[in-house]
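> Quick note: UniProt numbering has the sequence shown finishing at residue 330, numbered continuously throughout. Quick reminder that beta carbons are idealized off the backbone N, C-alpha and C, glycines included.
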Amino acid sequence: AGPQHPRGRRADRRVPLGTSRPLRTGAILRGRRRPRASDAHVFPAARGRLSGSPLPARLRPPQRPSSSGAMATEEELPDFDEEENAEQKESKEEAGKEGGEAKKGSYAAIHASGFRDFLLKPELLRAIVDCGFEHPSEVQHECIPQAILGTDVLCQAKSGMGKTAVFVLACLQQLDASEKAVRTLVICHTRELAYQIKHEFDRFAKYFQDVKTGVVYGGMPIAQDREMLRDNCPHVLIGTPGRVLGLLREKDLKLNKLTQFVLDECDKCLDKFDMRKDVQHIFAETLKKKQVMVFSAAMSPDPRSLCKTFMQDPHEIRVDEESKLTLHGL
Numbered sequence: 001a002g003p004q005h006p007r008g009r010r011a012d013r014r015v016p017l018g019t020s021r022p023l024r025t026g027a028i029l030r031g032r033r034r035p036r037a038s039d040a041h042v043f044p045a046a047r048g049r050l051s052g053s054p055l056p057a058r059l060r061p062p063q064r065p066s067s068s069g070a071m072a073t074e075e076e077l078p079d080f081d082e083e084e085n086a087e088q089k090e091s092k093e094e095a096g097k098e099g100g101e102a103k104k105g106s107y108a109a110i111h112a113s114g115f116r117d118f119l120l121k122p123e124l125l126r127a128i129v130d131c132g133f134e135h136p137s138e139v140q141h142e143c144i145p146q147a148i149l150g151t152d153v154l155c156q157a158k159s160g161m162g163k164t165a166v167f168v169l170a171c172l173q174q175l176d177a178s179e180k181a182v183r184t185l186v187i188c189h190t191r192e193l194a195y196q197i198k199h200e201f202d203r204f205a206k207y208f209q210d211v212k213t214g215v216v217y218g219g220m221p222i223a224q225d226r227e228m229l230r231d232n233c234p235h236v237l238i239g240t241p242g243r244v245l246g247l248l249r250e251k252d253l254k255l256n257k258l259t260q261f262v263l264d265e266c267d268k269c270l271d272k273f274d275m276r277k278d279v280q281h282i283f284a285e286t287l288k289k290k291q292v293m294v295f296s297a298a299m300s301p302d303p304r305s306l307c308k309t310f311m312q313d314p315h316e317i318r319v320d321e322e323s324k325l326t327l328h329g330l
């Protein structure tokens, strides 16, 4: 037997042909020594490393964290895509702009759908674009699809949520301007509100050539209203209860072809006894088969129950708090 090695059997290991010392594969795996050309016939993984192809994941040496003062290697640097980074930056800026505009807007909540989803007339869509509206509010998203189908609507929501646009778009969508007669009647409690509603009708009906709107209210000579109804009868009439009832009693206003009856700010119209009585008389003069739409910012139980007597299976929408929408009567 030959001389004993101090470390036992380690001296009995055979040295591969062409090498001067034992091949330490573990040292190569741990990254302590780079593979050589002479290791290729014994350590197959070194063949791929010498040829330039990457080692398998299980054979790669562990990455050592770079020191604070040393430069990181290419393998340690994260992938950076300039185009992707630019797109992310633009999306963040647009999101910030939209958030700022939402705070300045008059609507409490904006829905992701568009007005084109309602299948409105092209004239209405053009007017909506001119007004700068892109997305409907939550109230409009829930009311307009039902209103344009002729369903009775009872909507309670705070000011600034787009209630006026609901009945304006619904009435213009269904309006038949071929006949010279009042097709839509809107009742409100003040002359200022009557002019605001007329302005909304004119704004959305700008691309309808034959649609005419008119407004009547107390405090002005009734002869002017008679002349307007006789010579230039509007398709959409907005007025206060007292003046509308006076024209009906004098037979100057005919509602035998009315298709939409709208009561805006119904809590104000039904609050006083005289005005409530006038509204009931006006409603009694209309056709039984018609669409009724009632809107209000706040409504107590008594006016609500009275409004429901005017309607048939209404689609009821109630916004009790800001950006909190509740559907009733579905």
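(1) Would E142 be called buried (16 or more neighbouring beta carbons within 10 Å of its own) or exposed?
(2) Can you list, in chain order, the residues of its chain with a C-beta nearer than 6 Å to that of R191? Leave out the 5 residues immediately preceding and following it.
(3) Around the C-beta of K288, are 16 or more other C-beta atoms found within 10 angstroms, so that it is buried, or is it exposed?
(4) Could you please give the first and the last residue of the uninterrupted beta strand (DSSP E) stretch that includes V292?
(5) So what's Q146 in DSSP terms, helix, strand or just coil?
(6) Taking DSSP's pairing of strands, which residues face I238 in a bridge?
(7) Apart from the five residues just before and just after G96, which ones in its own chain have a Cβ nearer than 7 Å to its Cβ?
(8) What residue does the beta strand (DSSP E) around Q312 start on, and which one ends it?
(9) With distance defined between alpha-carbon atoms, name the residue in A297, D278, T184 nearest to V244.
(10) Do the stretch 295–310 and the stretch 152–165 touch if we need at least three Cβ pairs shorter than 8 Å?
(11) What would DSSP say about S137, mapped onto helix, strand or coil?
(12) Classify D264 as helix, strand or coil using the three-state DSSP reduction.
(13) Measuring alpha carbon to alpha carbon, tell me which of P303, E123, D130, P145 ends up nearest D117.
(14) Skipping 5 residues on each side, what residues in its chain have a beta carbon closer than 6 Å to that of E285?
(15) What would DSSP say about G132, mapped onto helix, strand or coil?
(16) So for F273, helix, strand or coil by DSSP?
(17) What residues in its chain sit with their C-beta under 6 Å from that of T184, if we drop five residues either side in the sequence?
(18) Answer yes or no: do I128 and F201 have a C-beta to C-beta separation smaller than 9 Å?
(19) Please report the distance separating the alpha-carbon of D252 from that of F167.
(20) Do you know how far the Cα of V215 is from the Cα of Y195?
(21) What is the DSSP secondary structure of G246, reduced to helix, strand or coil?
(22) Using a Cβ-Cβ cutoff of less than 6 Å, which residues in the same chain neighbour T164 once the five nearest sequence positions on both sides are dropped?
(23) How is residue 373 classed by DSSP in three states: helix, strand or coil?
(24) Does DSSP put Y207 in a helix, a strand or coil?
(25) In the DSSP assignment, find the alpha helix (DSSP H) that holds D231 and state where it starts and stops.
(26) Give a yes or no on whether the C-beta atoms belonging to T213 and I187 are separated by under 9 Å.
(27) Ordered along the chain, which non-local residues of its own chain (more than five positions away) have a Cβ less than 8 Å from that of K308?
(28) How many angstroms separate the CA atom of C131 from the CA atom of K206?
(29) So what's K288 in DSSP terms, helix, strand or just coil?
(30) From K198 to P234, what does the alpha carbon distance come to, in whole angstroms?
Let's see:
(1) buried
(2) Closer than 6 Å at Cβ, skipping near neighbours: Y217.
(3) Exposure of K288 is indicated by the presence of fewer than 16 other C-beta atoms within 10 angstroms of its C-beta.
(4) Secondary structure note for V292: its beta strand (DSSP E) is the uninterrupted segment 291–296.
(5) If DSSP states are grouped into helix, strand and coil, Q146 belongs with the helices.
(6) V186, V215
(7) Low local confidence applies: a pLDDT of 48 at G96 is under 50, so the model's placement there is unreliable, and no value is given.
(8) From DSSP, Q312 is part of no beta strand (DSSP E); its letter is neither H nor E.
(9) D278
(10) Three or more beta-carbon pairs separated by less than 8 Å link the stretch 295–310 to the stretch 152–165, which places the two stretches in contact.
(11) strand
(12) strand
(13) P145
(14) L248, L255
(15) coil
(16) helix
(17) C171, V236, Q260
(18) no
(19) 25 Å
(20) For Y195 and V215, the distance between alpha carbons rounds to 7 Å.
(21) helix
(22) E200
(23) Nothing can be reported for residue 373, as the shown portion of the chain is limited to 1 through 330.
(24) coil
(25) Residues 222–231.
(26) For T213 and I187, no; Cβs fall outside 9 Å.
(27) Cβ neighbours of K308 beyond the five flanking positions: L154, P314.
(28) Going from the Cα of C131 to the Cα of K206 covers about 11 Å.
(29) coil
(30) 11 Å
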